[in-house]
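Reviewing the structure listed below.
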Amino acid sequence: MFFSIVIPTYNRLPILEKCLLALEHQHLSDRSQISGYEVVVVDDGSTDGTVDWLKAHQADILPHVCWFCQDHQGPAVARNLGVEKAQGDTIIFIDSDLVVTEQFLQSHAEALIQAQKTLGNDKVFTYGRVINTCNFDQPTREPFKVTDFSAAYFATGNVAISRHWLEQAGLFDTRFQLYGWEDLELGVRLKQLGLTLVKCPAAVGYHWHPAFSLKQIPKLIDQEIQRGRMGVLFYRKHPTWEVRMMIQMTWLHRLLWGILSLGGMLNERTLAPLLQWLIDRGKPQLALEVARIFLNWYNVQGVYAAYAEMQRTSPL
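Converting from the sequence shown to my numbering requires adding 65 to each position, the first position being numbered 1.
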């Protein structure tokens with residue numbers, strides 16, 4: 066088993082350094098079935114010196130790393146390029162703001178091998194644990210929280226899968242160039258091939274993000290609108306009730322977030338004093354959860370706006 070860890074990155078150099086250094090310090094057991102591994106970084110047009118840093122440090126501290134560059138086209142295109150260039154028979158996808166433990170690769174390998182023995186085939190992939198943290202200096206100190214639980218079937222924050230299943234499914238749809246859904250859409254196609262998800266909580270990755278502040282709100286709103294547009298593309302490819310639920314394109318979601326946001330009256334302007342009050346008292350995560358009231362409303366509005374546009378231009 067040879068692992069290729071595929072990592073798309075865009076202007077995340079400070080946390081990318083921690084991500085790559087953690088992957089260089091993996092503890093493999095003496096009887097490990099991992100014959101080797103590489104780290105395939107795809108720079109998606111960064112302007113923060115990422116490539117210069119990779120060039121300067123490959124020889125001394127990044128011996129497992131190789132990198133490739135592309136114009137800014139989004140993570141779907143970047144991951145496809147990473148798989149194309151990868152040498153491994155098994156692909157691990159993580160994000161460039163994820164810091165893993167020393168047992169990360171060994172844990173994925175053991176879980177894959179055990180699942181293949183149990184099932185009698187290799188139609189399986191492992192999904193590691195992702196713990197969100199805003200502790201940049203010591204991200205691995207963060208405990209697992211209820212809000213870290215994920216019910217996703219296939220998400221590229223921390224997943225290991227045999228390369229040939231990705232290729233058989235057709236890799237990522239590169240039409241997903243805005244924020245969101247390209248990994249879950251691929252997951253639908255993998256599920257259609259009959260692959261089994263195996264949770265692997267021992268393969269832990271700590272997903273770093275800066276503590277929530279009001280200045281992040283415009284970007285978060287834009288991401289929700291983009292996610293709505295990409296959600297409609299997701300639904301167009303897979304017009305099922307399950308996908309409608311995932312992308313929040315149901316009367317239930319419209320009613321829920323409409324009520325909670327008072328029809329949009331509770332928004333980034335009216336809630337700003339409360340959010341800042343929570344932040345000032347050291348509760349940025351709680352402030353973010355409150356902000357999700359209007360962020361989800363923007364998402365639902367974006368979904369229905371994109372769906373109406375699609376119906377006008379190219380009806381299902």
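All C-beta atoms, glycine included, are put in the ideal place defined by N, C-alpha and C. It should be emphasised that the depicted structure is a prediction, and the values quoted were computed from it without experimental measurement.
{"Asked": "Nearest to residue 97 (by Cα), restricted to the options 179, 349 and 75", "Found": "179"}
{"Asked": "Under 7 Å between C-beta atoms of residue 157 and residue 270", "Found": "no"}
{"Asked": "Close Cβ partners of residue 116 (< 8 Å) along its chain, the five nearest in sequence each way excluded", "Found": "108, 132 and 134"}
{"Asked": "Minimum C-alpha distance to residue 242 - residue among 143, 149, 265 and 228", "Found": "143"}
{"Asked": "Cβ-Cβ distance between residue 363 and residue 312 below 7 Å", "Found": "no"}
{"Asked": "Exposed unless 16 or more other CB atoms sit within 10 angstroms - verdict on residue 140", "Found": "buried"}
{"Asked": "Beta-carbon spacing of residue 207, residue 92 below 7 Å", "Found": "no"}
{"Asked": "Helix, strand or coil at residue 212 according to DSSP, with G and I counted as helix", "Found": "helix"}
{"Asked": "Where residue 72 falls, given that 16 or more other Cβ within 10 Å makes a residue buried", "Found": "buried"}
{"Asked": "Option nearest residue 250 by Cα separation, candidates 299, 351 and 150", "Found": "299"}
{"Asked": "Beta bridge counterpart(s) of residue 382 as assigned by DSSP", "Found": "For the chain, the structure presents residues 66 to 381; residue 382 sits outside this window and is missing."}
{"Asked": "Contact under 7 Å by Cβ, residue 129 with residue 103", "Found": "yes"}
{"Asked": "Element boundaries [alpha helix (DSSP H), containing residue 251]", "Found": "247 to 257"}
{"Asked": "Per-residue DSSP class, three states only, for residue 191", "Found": "strand"}
{"Asked": "CA-to-CA distance, residue 357 to residue 328, given in whole angstroms", "Found": "14 Å"}
{"Asked": "Secondary structure of residue 173, DSSP reduced to three states", "Found": "helix"}
{"Asked": "6 Å Cβ shell around residue 195 - same chain, five flanking residues per side excluded", "Found": "222, 223, 270 and 272"}
{"Asked": "Residue 140 - containing alpha helix (DSSP H), residue span", "Found": "140 to 150"}
{"Asked": "Three-state secondary structure (DSSP) of residue 276", "Found": "coil"}
{"Asked": "Limits of the unbroken beta strand (DSSP E) element including residue 101", "Found": "101 to 108"}
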